[in-house]
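For the sequence shown, this note's numbering gives the first residue as 150, with consecutive numbering after it.
Take a look at the structure below.
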Amino acid sequence: MCEQDGKQYKNGSTFISRESFRMKCVTFKNLTSTLEVVSCITPAGVEIAIGTQLEEGDRVFECTSGNVTLKSSPGQTGKCRGTYKVGEEWVEDSFKFACEPYGKIIIKSCVTKEGTEIPLGDAKRVPAGYAMECVIVNGHVALQTAKTFDCETGTGEAKKFGETWNEGNFVRRCANHGVSEIIGCYVDNVGSVGLNQNLTSGDLLYLCIHQNDQFKFRTLRAQ
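Next comes the structure, spelled out in structure tokens:
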């Protein structure tokens, strides 16, 4: 005989315990008895064998072997974090998440503080003028400044990292993070003038000035 919660059960008889397991009374030749779990019971009362699983509503129930337990996880239409439906997206911190079937959550993109959305694996220029990228670093998604990114000229032309071009009276170079920097000045039909240098051509003096983070180009009458 087996005993559970003040009730006695004969050898071979079964009963439902805690509304989650079917138990069986097993009596040995030496007349000792024990209770064994033979299956699991879902909340809807469906019996599932040990080592199998069943999708019920928006949940998947699994009757694990060994130390038998009834595990529950989101089903195909189950909500993510118990809140978001399949297909829903939401922004949290600097990332946009999406809810997929079986409660799987994926990161679709990064979102900058200005609200610029950058798809995973891509890079974009932000309003501040530099570029940021949404990448996987050491297994984790990270939003960081993009070291190499195309620069954009005043006319909208793309320039690769390291390229130089003339824009007005200034010489620009595409530097880190997609930011162009002024590296000198330029005079049509005369040539380039280095920063804080001057160049005389005919009766004109050209000055390229960099002072207090400001760049100026001036033309004077040569003395």
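Quick reminder that beta carbons are idealized off the backbone N, C-alpha and C, glycines included.
Residue burial classification, residue i (beta-carbon count within 10 angstroms, cutoff 16)
i      : result
Pro276 : exposed
Thr304 : exposed
Glu282 : buried
Gly291 : According to the sequence shown, residue 291 is Ala rather than Gly. Exposed, by the Cβ-count rule.
Ala272 : buried
Distance, residue j Cα to residue i Cα
i      : j      : result
Trp239 : Thr294 : 23 Å
Ser243 : Arg167 : 44 Å
Ile254 : Leu269 : 14 Å
Arg370 : Asn347 : 12 Å
Ser258 : Ala280 : 15 Å
Val217 : Val284 : 41 Å
Lys309 : Thr349 : 32 Å
Thr232 : Phe319 : 55 Å
Arg248 : Lys173 : As written in the sequence, residue 248 is Cys, which differs from the Arg given in the question. The straight-line gap from Cα to Cα measures roughly 41 Å.
Residues bridged to residue i [DSSP beta-bridge criterion]
i      : result
Gln360 : Gln363
Leu292 : Cys283
Leu203 : Phe210
Backbone secondary structure at residue i - three-state DSSP
i      : result
Pro192 : coil
Gly233 : Just to set this straight, residue 233 is Tyr in the shown sequence, not Gly. Reduced to three states, the DSSP call for Tyr233 is strand.
Gly278 : coil
The beta strand (DSSP E) enclosing residue i, as first and last residue numbers
i      : result
Lys245 : Phe244 to Glu249
Arg167 : First-last for Arg167: undefined, no H or E at that position.
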